[in-house]
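Some notes on the structure that comes next.
Chains as they are written, first to last, in the numbering used here: chain A, 1 to 404; chain B, 1 to 135.
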């Protein structure tokens, strides 16, 4: 039995059948998880200037680049264990680097609110046992966290919800698109216009306060009535919602204040994005976008990966377990062509194809062990299922840290 | 022999608003091989509602050029299987959609992934390769 690192649900009930040091079959995993566990077809090889070298030589070159950089940045870590993330924080401190992760342009703002206790949240196990009203807002869990509804929210039996979805639970979807999750919420799909979430929240708050909302009053009053009756409600805040209200995240806090029986859970994608946020928060009081300078931590939007690349403020980039060339707008990443990029990853990525130095690592949770933090904050153990020819990213970062 | 005048005529351009989404089959293909044919087929496409397609004179499986001042991509059209209210088309989050995302962030570090404004027109060009979407 292993833990799946396909997404931040970190499903711990995965069986794998291994033959000749490769995964032949997985059981219980979703499509996303099974594909992650079976692995990529194009494993990375150590290289410098895209020419294969011994891994020790690629490590030496990485050390040289980081030593010579005046404004280095470390980025990624959503697919790294807690232990690797802590090493990355130490390394960033040691070389006075900027440090950011994928939550910077994803769910970072919401996780920051959770860690500052700005709204009520809860565990996935509490949801399974108690939740009766589930609101998927800008979240297509069926595609992004495929076992969310079946393991924790809508379908399972729970301590107080013995009749599950048939009678005890109600699922609602609020989205721009009729997603696969919205299809399950039959009769309770509220379609909103593109970037209409703020207006929807304001109208819902009016309806909850007994005022007649200006926006679709009939539907808003109907929804408010359902939410008011909830004994244990949860809003699953997806990236669609977060992006739409990114300039006014506090509006979600205000909505939460109007719904005393509700909890808010940011729907995290990468398996240990929340881990990075918590590990950095415990160390510095910030979840991302920091720069270390002679023992001090500076937090500023200009240390986000997006702004740093846009404004050309970094002169070397170490990327761990992430593919910014694929996941960031092309209009922003052109600066990457002019600086040395070091890539640590199990697989060939778009970023590794432009990197000066590539250092392959083991796949965490399959070829190496460690711990990670589930989307609800629970620490989960990752067990090694088979051997790898390469060190895990924790050990690569440890070696960089020791030599630098 | 008559000259094919059609090839010199530019297809009409239509303004289009695009939002991005996630698709489990595309994510599965990404995990397996981000440079493979499956990932390309599931990423290099745009889903449009039937009514919007009719208005623009575009059919299912047509090939289109989508462009704005940030970039351009050639992708296949898929007709939405659902009743769409119209006005918005959908692209799965990928390097193809990211080629069209604005660099305007207001200094806040979060690009506008969910609202892409672009022009769309029929084309006979090849689908944009992932290799050409690198920096």
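For each residue, glycine too, the CB sits at the ideal point set by N, CA and C. It should be emphasised that the depicted structure is a prediction, and the values quoted were computed from it without experimental measurement.
Taking residue i as part of the beta strand (DSSP E), name the residues at either end of that continuous run.
i, result
"residue 19(B)", "14–21"
"residue 100(A)", "98–101"
"residue 71(B)", "71–79"
"residue 405(A)", "Lying outside 1 to 404, the shown extent of chain A, residue 405(A) is not represented and no answer is given."
"residue 91(B)", "89–92"
"residue 68(B)", "63–68"
"residue 382(A)", "379–382"
"residue 24(A)", "22–27"
"residue 190(A)", "189–191"
"residue 42(B)", "Residue 42(B) -> not in any beta strand (DSSP E); alpha helix (DSSP H) instead, spanning 37–43."
"residue 149(A)", "That residue, residue 149(A), is in no beta strand (DSSP E); its alpha helix (DSSP H) goes 148–151."
"residue 357(A)", "357–360"
"residue 171(A)", "170–175"
"residue 184(A)", "Not the beta strand (DSSP E): residue 184(A) falls in the alpha helix (DSSP H), residues 180–184."
Quick one: list the residues of chain A neighbouring residue i, beta-carbon separation under 9 Å, in chain order.
i, result
"residue 101(B)", "328, 329, 330, 331, 332"
"residue 88(B)", "176, 177, 193, 194"
"residue 39(B)", "Result: empty, since nearest Cβ-Cβ is about 10 Å, beyond 9 Å."
"residue 133(B)", "325, 326, 330, 350"
Under 7 Å between beta-carbons, which chain B residues line up against residue i? List them in chain order, please.
i, result
"residue 140(A)", "21, 22"
"residue 151(A)", "By Cβ distance, chain B contributes nothing, its closest Cβ being about 16 Å from residue 151(A), past 7 Å."
"residue 42(A)", "33, 35"
"residue 81(A)", "Going along chain B, no residue has its Cβ under 7 Å from residue 81(A), so there is no contact; the nearest lies around 18 Å."
"residue 144(A)", "22"
"residue 284(A)", "The premise fails here: residue 284(A) is roughly 17 Å from chain B at the closest Cβ pair, so nothing lies under 7 Å."
"residue 14(A)", "Result: empty, since nearest Cβ-Cβ is about 14 Å, beyond 7 Å."
"residue 353(A)", "134"
"residue 240(A)", "114"
Show which residues of chain A have a CB atom less than 8 Å away from the CB atom of residue i.
i, result
"residue 98(B)", "326, 327, 328, 329, 330"
"residue 109(B)", "104, 105, 289, 301, 304, 305, 306, 307"
"residue 49(B)", "None at all; the shortest Cβ gap to chain A is about 11 Å."
"residue 12(B)", "Simply none; closest approach about 24 Å."
"residue 115(B)", "194, 195"
"residue 17(B)", "194"
Check the Cβ of residue i against every Cβ in chain B and list those closer than 8 Å, keeping chain order.
i, result
"residue 184(A)", "Ordered by position in chain B, no residue passes the 8 Å Cβ test against residue 184(A), which lies about 14 Å from the chain."
"residue 337(A)", "135"
"residue 425(A)", "Not covered by the structure: residue 425(A). The range shown for chain A is 1 to 404."
"residue 310(A)", "103, 105"
May I ask which residues mark the beginning and end of the alpha helix (DSSP H) holding residue i?
i, result
"residue 118(B)", "First-last for residue 118(B): 116–122, but that is the beta strand (DSSP E), not the alpha helix (DSSP H)."
"residue 112(B)", "Taken as a continuous stretch (DSSP letters only), residue 112(B) belongs to no alpha helix (DSSP H), as it is neither H nor E."
"residue 83(B)", "That residue, residue 83(B), is in no alpha helix (DSSP H); it is neither H nor E in DSSP."
"residue 32(B)", "24–32"
"residue 215(A)", "Note, residue 215(A): premise wrong, no alpha helix (DSSP H); not H, not E."
"residue 202(A)", "197–208"
"residue 95(B)", "95–98"
"residue 395(A)", "393–403"
"residue 38(A)", "31–38"
"residue 320(A)", "It is not in any alpha helix (DSSP H) - residue 320(A) instead sits in the beta strand (DSSP E) that spans 316–320."
"residue 107(B)", "Where residue 107(B) is concerned, there is no enclosing alpha helix (DSSP H), given that its DSSP letter is neither H nor E."
Assuming residue i and residue j form a contact by the criterion Cβ under 8 Å, report the distance between their Cβ atoms to the nearest whole angstrom.
i, j, result
"residue 394(A)", "residue 83(A)", "5 Å"
"residue 48(A)", "residue 249(A)", "Contact flag wrong, Cβ pair sits at about 42 Å."
"residue 117(B)", "residue 51(B)", "Wrong, their Cβ atoms sit about 19 Å apart, outside the cutoff."
"residue 113(A)", "residue 105(A)", "Going by Cβ atoms, the distance from residue 113(A) to residue 105(A) rounds to 17 Å, so no, they are not a contact pair."
"residue 102(A)", "residue 220(A)", "Their Cβ separation, rounded to whole angstroms, is 34 Å, which puts residue 102(A) and residue 220(A) out of contact at 8 Å."
"residue 25(A)", "residue 17(A)", "4 Å"
"residue 233(A)", "residue 259(A)", "7 Å"
"residue 319(A)", "residue 71(A)", "Residue 319(A) to residue 71(A), Cβ: 16 Å. No contact."
"residue 72(B)", "residue 329(A)", "Not confirmed; about 13 Å, so no contact."
"residue 361(A)", "residue 390(A)", "5 Å"
"residue 19(B)", "residue 115(B)", "6 Å"
"residue 121(A)", "residue 365(A)", "Residue 121(A) to residue 365(A), Cβ: 24 Å. No contact."
"residue 368(A)", "residue 384(A)", "6 Å"
"residue 400(A)", "residue 62(A)", "6 Å"
Strictly below 7 Å CB to CB, what residues from chain A border residue i?
i, result
"residue 28(B)", "31, 32, 35"
"residue 71(B)", "330, 331"
"residue 82(B)", "178"
What residues from chain B crowd round residue i, counting only those whose CB sits closer than 9 Å?
i, result
"residue 210(A)", "What residue 210(A) touches in chain B: nothing, since even the nearest Cβ is about 30 Å away."
Margin query: Below 8 Å, how does it come out for the stretch 257–270 of chain A and the stretch 119–128 of chain A: are there three or more Cβ pairs, yes or no?
Written below: yes
Check: Per the contact definition of three or more C-beta pairs closer than 8 Å, is the stretch 89–97 of chain B in contact with the stretch 283–294 of chain A?
Finding: no
Check: Which parts of the stretch 244–294 of chain A are runs of the beta strand (DSSP E), unbroken and 3 residues or longer, counting only runs that do not cross its ends?
Finding: 262–266, 290–293
Check: At what residue ranges does the stretch 94–136 of chain A contain a whole run of the alpha helix (DSSP H), taking only runs of 4 or more?
Finding: 108–115, 124–130
Checklist line | Segments assigned beta strand (DSSP E), at least 3 residues, entirely inside the stretch 40–100 of chain A | finding: 72–76
Check: Taking one C-beta from the stretch 365–383 of chain A and one from the stretch 74–83 of chain A each time, how about it: are there three or more such pairs within less than 8 Å?
Finding: yes
Item checked: Three or more C-beta pairs below 8 Å linking the stretch 221–230 of chain A and the stretch 129–139 of chain A -> yes
Notebook entry, point to check: Quick check: the stretch 236–246 of chain A against the stretch 40–55 of chain A, are there 3 or more CB pairs under 8 Å?
Noted result: no
Note to self: Would the stretch 22–35 of chain B count as touching the stretch 22–40 of chain A if we require 3 or more Cβ pairs under 8 Å?
What the structure shows: yes
Checklist line | Contact the stretch 142–153 of chain A vs the stretch 175–190 of chain A: 3+ CB pairs below 8 Å | finding: yes
Item checked: the stretch 77–87 of chain B in contact with the stretch 49–66 of chain B per 3-pair CB rule at 8 Å -> yes
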